[in-house]
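Have a look at the structure below, then the notes.
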Amino acid sequence: MMEKFINTGNKDTRSGFGAGLTELGRTNDKVVALCADLTGSLKMNTFAKEHPDRFFQCGIAEADMIDVAAGLSLSGRIPFAGSFANFVTSRVYDQVRQGICYASTNVKIAASHAGITLGEDGATHQVMEDIGMMRMLPRMTVINPCDYNQTKAATIAAASYEGPVYLRFGRPSVPNFTPEDQVFEIGKALKLVEGKDVTVFATGHLVWEALLAAEELEKQGISAEVIDIHTIKPLDTEAVLASAAKTGAVVTAEEHLIAGGLGELIAGVLARHTPCPVEIVAVDDLFGQSGKPAELMKAYGLDAEHIVSAALKAISRKK
């Protein structure tokens, strides 16, 4: 019998970021925060209220915010620069590339409202190519936590990590099931379920769906291993290869485009070291659309049902 994970109550991951930033504000006076006119949306209000001398409202000027954050880091501060994920990637890619990655400044990019679960705001705001954009940049670390508790822990861990970090989280309330007291280790995958027939590597909001899929597969007599890839870069290659070698079939699941995402990354690693069938649950070359988050996830094939189908297909492809 696989271990059952308990949802302690749905919470939005952006609030996990806000809670982590608030704790950092109280415990680390080097931490500063910058926002592009979205303080409430990113749950940065408490930090701004408690530390007005360490909070910088940059307005709708994301490029300026990134450059100011880079400058603050050079003075010994640890800046968290926050906005919607679409605005701190596509809109300011040049500033991120030059001022943060090339210059190797210690800036943490707090990217909220990521993915299709942004929902009703529609395609112009539902960035699903951001992970690919950020992981291609040298020196950038990419983190995509799965729930409130993990996002809080990842935020705190990012402050102690030297170098650029892209921290991705979202708006909708989702199951909160990881430990409240967890220690977040950047670059270390978490095995949530032990299995032998197929491995599901999931990230972000798809981790919970992967657990639901594993429960359904167990009813069908299939043992699915579930691994939470909260850090996409650096990828825990050792964990990926070990699990794939054991099960011989792989499914990846992410709220992102196939192009540039976790699936392509893992498929590339396996092709070089441990070739095996790989099925990717992600969005195939499409923009989003306006709708309720759960409806969009189902419409775009980002749910437990599609993970189960992908797992059955991967298993059928085993030699």
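Under this note's numbering, the residues of the sequence shown are numbered 15 to 333, in order.
Don't be surprised by glycine CBs; every beta carbon is placed ideally from N, CA and C.
Where the beta strand (DSSP E) through residue i begins and ends
| i | result |
| --- | --- |
| residue 239 | 238–242 |
| residue 71 | 69–71 |
| residue 155 | 155–157 |
Beta-bridge partners of residue i, as assigned by DSSP
| i | result |
| --- | --- |
| residue 93 | 46 |
| residue 101 | Answer by DSSP bridge pairing: none, since residue 101 is not bridged. |
| residue 293 | 265 |
| residue 212 | 238 |
| residue 247 | 156 |
| residue 179 | 122 and 155 |
Residue of the options minimising C-alpha distance to residue i
| i | options | result |
| --- | --- | --- |
| residue 118 | 57, 253, 19 and 155 | 155 |
| residue 94 | 135, 43 and 132 | 43 |
| residue 80 | 64, 102 and 90 | 102 |
| residue 226 | 272, 191, 307 and 55 | 191 |
| residue 121 | 153, 133, 100 and 139 | 153 |
| residue 201 | 281, 61, 172 and 284 | 172 |
| residue 236 | 256, 261 and 315 | 261 |
| residue 147 | 109, 136, 164 and 104 | 104 |
| residue 196 | 230, 160 and 214 | 160 |
| residue 175 | 157, 187, 330 and 26 | 157 |
| residue 272 | 315, 232, 307 and 287 | 315 |
| residue 167 | 32, 22, 73 and 330 | 32 |
| residue 21 | 163, 245, 57 and 249 | 163 |
| residue 297 | 228, 47, 249 and 320 | 320 |
| residue 189 | 37, 24 and 328 | 24 |
| residue 138 | 29, 198, 304 and 332 | 304 |
| residue 269 | 255, 290, 287 and 246 | 246 |
| residue 186 | 110, 34, 330 and 306 | 306 |
| residue 99 | 282, 34, 141 and 41 | 141 |
Integer-rounded CB distance, given that residue j should sit under 8 Å from residue i
| i | j | result |
| --- | --- | --- |
| residue 130 | residue 302 | 5 Å |
| residue 253 | residue 220 | Incorrect: roughly 17 Å between the Cβ atoms, too far for contact. |
| residue 324 | residue 284 | Contact doesn't hold; Cβ gap of about 15 Å is too wide. |
| residue 317 | residue 223 | 5 Å |
| residue 214 | residue 238 | 6 Å |
| residue 106 | residue 77 | 5 Å |
| residue 73 | residue 51 | 5 Å |
DSSP state of residue i mapped onto helix, strand, coil
| i | result |
| --- | --- |
| residue 122 | strand |
| residue 217 | coil |
| residue 107 | helix |
| residue 185 | coil |
| residue 312 | helix |
| residue 26 | strand |
| residue 141 | coil |
| residue 271 | strand |
| residue 205 | strand |
| residue 257 | helix |
Boundaries of the alpha helix (DSSP H) in which residue i is found, first to last residue
| i | result |
| --- | --- |
| residue 200 | That residue, residue 200, is in no alpha helix (DSSP H); it is neither H nor E in DSSP. |
| residue 322 | 318–330 |
| residue 166 | 162–174 |
| residue 283 | 276–287 |
| residue 304 | Per DSSP, residue 304 belongs to no alpha helix (DSSP H) and is neither H nor E. |
| residue 132 | Element bounds for residue 132: n/a, residue is neither H nor E. |
| residue 60 | 59–64 |
Interface flag, residue i vs chain D, CB-CB below 7 Å
| i | result |
| --- | --- |
| residue 80 | Going by chain labels, chain D is absent from the structure shown, which holds only one protein chain. |
Distance cut-off 6 Å: residue i Cβ against heavy atoms of the ligand ATP
| i | result |
| --- | --- |
| residue 44 | Ligands are entirely absent from the displayed structure, and the ligand ATP is therefore not among its contents. |
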